[in-house]
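Enquirer: One structure coming up, written as structure tokens, with questions to follow.
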Amino acid sequence: MTLHGSCMCGATAFTSPSEPILTALCHCVDCQKWTGSAFTSNVVVPRDTFKVTKGTPKFFDIADNGEASLRNKVDIEFFVKDRVSYLAAVDVAKQEPRFG
Numbered sequence: 001m002t003l004h005g006s007c008m009c010g011a012t013a014f015t016s017p018s019e020p021i022l023t024a025l026c027h028c029v030d031c032q033k034w035t036g037s038a039f040t041s042n043v044v045v046p047r048d049t050f051k052v053t054k055g056t057p058k059f060f061d062i063a064d065n066g067e068a069s070l071r072n073k074v075d076i077e078f079f080v081k082d083r084v085s086y087l088a089a090v091d092v093a094k095q096e097p098r099f100g
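Structure representation (structure tokens):
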């Protein structure tokens, strides 16, 4: 089985021809914040079979103080036509009505 995946906008894609070593749901606070959900769904494959087929992955870390530290600046976010007052826009991010 070959696994294929991408980020939501399609700028980065990957493939792995091997069976997953592990599939798991993570309920840690970092993963909840990252997804806005109760968990993340994860698939672990052997590192030597994982190939990035498009784009360059970007990373973020959770610092010791608990804050997200972006290694690469967020420059586009999902467009929100009628943003609720408690949901702030990402600073300096372009408001794109669609990706692609």
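Read in order, the letters of the sequence shown are residues 1 to 100 in full-length UniProt numbering.
Just so it is clear, CB atoms sit at the ideal spot from N, CA and C, and this is done for glycine as well.
It should be emphasised that the depicted structure is a prediction, and the values quoted were computed from it without experimental measurement.
Hey, quick one: how far does the beta strand (DSSP E) through Lys54 stretch, first residue to last?
Expert: Within the sequence shown, the letter at position 54 stands for residue 54. Segment 51-54, the beta strand (DSSP E) holding Lys54.
Enquirer: Roughly how many angstroms separate the alpha carbons of Thr35 and Glu19, rounded to a whole number?
Expert: Counted from its first residue, the sequence shown places residue 35 at position 35. Counted from its first residue, the sequence shown places residue 19 at position 19. Approximately 25 Å between the Cα atoms of the pair.
Enquirer: With distances taken from CA atoms, which of Cys31, Ala38, Arg47 is nearest Leu22?
Expert: Against the sequence shown, residue 22 aligns to sequence position 22. Considering only alpha carbons, the answer is Arg47.
Enquirer: Quick one, are the C-beta atoms of Ser41 and Ala24 less than 9 Å apart?
Expert: Numbered from its first residue, the sequence shown carries residue 41 at position 41. Numbered from its first residue, the sequence shown carries residue 24 at position 24. Result yes, Cβ atoms of Ser41 and Ala24 sit closer than 9 Å.
Enquirer: Between which two residues does the alpha helix (DSSP H) holding Val29 run?
Expert: Taking the first residue of the sequence shown as 1, we reach residue 29 at position 29. Start and end: 29-35.
Enquirer: Suppose you measure from the CA of Lys54 to the CA of Ala11; what does that come to, to the nearest Å?
Expert: In the sequence shown, residue 54 corresponds to position 54, counting from 1. In the sequence shown, residue 11 corresponds to position 11, counting from 1. When only Cα atoms are considered, Lys54 and Ala11 end up about 7 Å apart.
Enquirer: If the criterion is Cβ atoms closer than 9 Å, does the pair Val45 and Ser16 meet it?
Expert: By one-based count along the sequence shown, residue 45 stands at place 45. By one-based count along the sequence shown, residue 16 stands at place 16. It is a contact, given that the beta carbons lie within the stated cut-off.
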